[in-house]
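Participant: Sharing a structure here in structure tokens format.
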Amino acid sequence: MKTCLVVDDSRVIRKVARRIIEGFKFQCDEAADGAEALAYCRNRMPDAILLDRNMPVMNGIDFVKALRQEPDGSQPIVVFCTTENDVPSITEALRAGVDEYIMKPFDTDIVQSKFQQVGLIGE
Amino acid sequence: MLDTAAINTISAEARRRAGIAIPQAQTYLVEARLAPVARSEGYDSQADLVRALESTRDDRLWRRVVESLADHETWFFRNPAPLDHFMSDILPVLARVKARKAPIRILSAGCGTGQEVWSLAMLMEEQKARLGAMDIEIIGTDISRRAIERAQSAAYSQFEVQRGLSIQRLIEHFEPYGQQWVLKDSVKRWARFERDNLLKPSESLGEFDIIFCRNVLSGMTPDARRHTLRMLAERSGPAGYLVLGQGETISGAGELYRSLSGIKGVYARTMEVARQAA
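Protein chains in written order, with this note's numbering: chain W, 1 to 123; chain Y, 1 to 278.
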């Protein structure tokens, strides 16, 4: 079974996202900020990470930069998930090392389409 | 609530005008689609709208109703395998067999809100260096004026641009405009749209080298499907290709097309071309 770490400081968003991704037959875990997520990944790299941008302690951009420096840190497919929908924000996230980008609000169709886009699930 | 008689009236007219099949289990869709039409035409309910249709036989109003029933959801790069196959395998064959300087003509029949057309246009723009001086025309047609207007505007909601489109393609080919994302002119220049009914196609559109007609036949009655396939065959050049959607076949019109080996849903008009592409 593939694994996905859902990183968001909102418990409600984590729950919604988790339910959607579990629907694609992933085993999910949650983290509330970038620092928690980094500690989790140092222990065990997930196949996918759904990542919020604005979080306390460590934000999504700083997390993905740090992750990509870790041994095996290039392995997880990182899907950003944020309300920052302007082109400079998208470009910044892609440069920092995210693979795909979901603009909030999202629904099951969008998460499914984006997961297909990066090859995490089939057509 | 619409009663059975009203649903039957609507279904019969949708079948007659556009070949649309409305299965018994989907009659709730009729109510859903008619709600915005009733509202914008100033009727209190769908039932009032149907009563007006029955008493006036207003052709414009009927067209609006039937077109609203023909609208179907679609997304960018839907089932992309045939699109990639076209770019890598069919386009080079067409470039070889076409007379010099004749444009390669592509039709997206029943293009809805235009995502398939613009997906092809994005591929052309991305691969333009390889295409060289090849003259390419992409035309999208649909029975629904509303769909054609939306396709022409090339403006899509945040939900629509996140279905099938990678983030790299979004920032390469689109610009944000208010709450929407609009295609750049570099992509828009590849295609144009016209309103057309597959059952009574206008002859002015001419012949096409390849026709994409995906996820359209499946919503039609068997008679309309056969008729549409015949009409599409008449629009195909002698070396024309046809691409159908997943789960759609040429059944009932097998004498017009033959399937190509190697890729599902792609058909050729003649044996000669089928051999060259194989």
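By construction, the Cβ of each residue, glycine as well, lies at the ideal position given by its N, Cα and C atoms.
Could you tell me whether the region 168 to 183 of chain Y touches the region 143 to 150 of chain Y, using the rule of 3 or more Cβ pairs below 8 Å?
Facilitator: Because the criterion of three Cβ pairs below 8 Å is not met, the region 168 to 183 of chain Y and the region 143 to 150 of chain Y do not touch.
Participant: Using a Cβ-Cβ distance under 8 Å, would Y101 of chain W count as near chain Y?
Facilitator: Taking Cβ atoms only, chain Y reaches closer than 8 Å to Y101 of chain W, which makes this a yes.
Participant: Are the Cβ atoms of E125 of chain Y and W62 of chain Y separated by less than 8 Å?
Facilitator: In this structure, W62 of chain Y does not lie closer than 8 Å to E125 of chain Y by Cβ.
Participant: Can you give me the Cβ contacts of A278 of chain Y inside the same chain, cut-off strictly under 8 Å, excluding the 5 residues immediately before and after it?
Facilitator: With a pLDDT of only 41 at A278 of chain Y, under the threshold of 50, the placement of this residue in the model should not be trusted; the figure read from the coordinates follows. These residues qualify, in order along the chain: L260, S261, G262.
Participant: With which residues is G140 of chain Y paired in a DSSP beta bridge?
Facilitator: Partner(s): Y:S108, Y:F193.
Participant: Applying the 10 Å Cβ sphere with the 16-neighbour rule, what's the burial state of G206 of chain Y?
Facilitator: Result: exposed.
Participant: Could you tell me the distance, in whole angstroms, from the CA atom of E272 of chain Y to the CA atom of Y241 of chain Y?
Facilitator: With a pLDDT of only 45 at E272 of chain Y, under the threshold of 50, the placement of this residue in the model should not be trusted; the figure read from the coordinates follows. Distance between the alpha carbons of E272 of chain Y and Y241 of chain Y is about 12 Å.
Participant: Go ahead and label V50 of chain Y buried or exposed: buried means 16 or more other beta carbons lie within 10 angstroms of its beta carbon, across all protein chains shown.
Facilitator: Buried: at least 16 other Cβ atoms inside 10 Å.
Participant: Taking three-plus beta-carbon pairs below 8 Å as touching, is the region 112 to 122 of chain Y in contact with the region 62 to 77 of chain Y?
Facilitator: Yes: at least three Cβ pairs fall under 8 Å.
Participant: Within the continuous beta strand (DSSP E) that includes F26 of chain W, where are the two ends?
Facilitator: Unbroken beta strand (DSSP E) run through F26 of chain W: 26 to 31.
Participant: How would you call E100 of chain W, buried or exposed, if buried means at least 16 neighbouring beta carbons within 10 angstroms?
Facilitator: So E100 of chain W ends up on the buried side.
Participant: What is the rounded straight-line gap between the Cα of K114 of chain W and the Cα of C213 of chain Y?
Facilitator: If you take the alpha carbons of K114 of chain W and C213 of chain Y, they lie about 25 Å apart.
Participant: Please report the residue range of the alpha helix (DSSP H) in which W75 of chain Y lies.
Facilitator: Note, W75 of chain Y: premise wrong, no alpha helix (DSSP H); not H, not E.
Participant: Going by alpha carbons, who is nearest to S45 of chain Y out of Y:A6, Y:E175, Y:E203, Y:G252?
Facilitator: Ranking Y:A6, Y:E175, Y:E203, Y:G252 by Cα distance to S45 of chain Y puts Y:A6 first.
Participant: Answer yes if the region 43 to 55 of chain W comes into contact with the region 13 to 31 of chain W, meaning at least three C-beta pairs across the two stretches below 8 Å, and no otherwise.
Facilitator: The region 13 to 31 of chain W is in contact with the region 43 to 55 of chain W.
Participant: With a cut-off of 8 Å, does the C-beta of I167 of chain Y fall near any C-beta of chain W?
Facilitator: Yes, its Cβ sits closer than 8 Å to a Cβ of chain W.
Participant: Thinking C-alpha only, which one of Y:W118, Y:L107, Y:R226 is nearest I211 of chain Y?
Facilitator: Comparing Cα positions, the closest option is Y:L107.
Participant: Is P88 of chain W helix, strand or coil by DSSP?
Facilitator: Looking at P88 of chain W - three-state DSSP - the assignment turns out to be helix.
Participant: Quick check on DSSP: helix, strand or coil for F212 of chain Y?
Facilitator: In the structure shown, F212 of chain Y sits in a strand (DSSP, three-state: E or B).
Participant: Just how far apart, CA to CA, sit F86 of chain Y and K184 of chain Y?
Facilitator: Going by the C-alpha atoms only, they are around 23 Å apart.
Participant: Relative to the alpha-carbon of I77 of chain W, which residue among W:A93, W:V98, W:V57 has its alpha-carbon at the smallest distance?
Facilitator: Answer by Cα proximity: W:V98.
Participant: What's the C-alpha gap between I10 of chain Y and V216 of chain Y?
Facilitator: Going from the Cα of I10 of chain Y to the Cα of V216 of chain Y covers about 19 Å.
Participant: Say whether the region 193 to 205 of chain Y touches the region 74 to 86 of chain Y, bearing in mind that this needs 3 or more beta-carbon pairs closer than 8 Å, one atom from each stretch.
Facilitator: These segments do not touch.
Participant: Which of the three DSSP states, helix, strand or coil, is assigned to T9 of chain Y?
Facilitator: Helix.
Participant: Straight-line CA distance for Q158 of chain Y to R53 of chain W?
Facilitator: Near 18 Å, if we compare the C-alpha coordinates of R53 of chain W and Q158 of chain Y.
Participant: So, is A274 of chain Y buried or exposed, given that buried needs 16 or more other C-beta atoms within 10 angstroms?
Facilitator: Low per-residue confidence applies at A274 of chain Y: pLDDT is 43, beneath 50, and the placement is therefore not dependable enough to give any value.
Participant: In the DSSP assignment, what residue or residues form a beta bridge with V79 of chain W?
Facilitator: DSSP, once it has assigned bridges, lists W:L50, W:E100 as partnering V79 of chain W.
Participant: Just to make sure I have the definition right: I need the residues of chain W whose C-beta is within less than 7 Å of the C-beta of G178 of chain Y. Which are they?
Facilitator: Neighbours of G178 of chain Y on chain W: none; closest Cβ ~12 Å, over 7 Å.
Participant: Quick check on M55 of chain W: does DSSP put it in helix, strand or coil?
Facilitator: Of the three classes helix, strand and coil, the one that applies to M55 of chain W here is coil, per DSSP.
Participant: Return the first residue and the last residue of the beta strand (DSSP E) that K2 of chain W is part of.
Facilitator: It spans 2 to 7 - the beta strand (DSSP E) in which K2 of chain W sits, taken as one unbroken run.
Participant: Can you give me the start and stop residues for the alpha helix (DSSP H) that F115 of chain W sits inside?
Facilitator: Counting along the chain, the alpha helix (DSSP H) containing F115 of chain W begins and ends at 108 to 117.
Participant: Helix or strand or just coil, what does DSSP make of Q246 of chain Y?
Facilitator: Q246 of chain Y falls in the coil class under three-state DSSP.
Participant: Is there a Cβ from chain W that is less than 8 Å from the Cβ of F212 of chain Y?
Facilitator: By this cut-off, F212 of chain Y is not an interface position.
Participant: Taking CB distances under 8 Å as the criterion, tell me whether F86 of chain Y reaches chain W.
Facilitator: Chain W contact via Cβ: absent.
Participant: Can you give the Cα-Cα distance for R64 of chain Y and S144 of chain Y, rounded to whole angstroms?
Facilitator: In a straight line, the C-alpha of R64 of chain Y is about 8 Å away from that of S144 of chain Y.
Participant: List, in order along the chain, the chain Y residues whose C-beta lies closer than 7 Å to that of K65 of chain W?
Facilitator: Chain Y residues near K65 of chain W: none, gap ~18 Å exceeds 7 Å.
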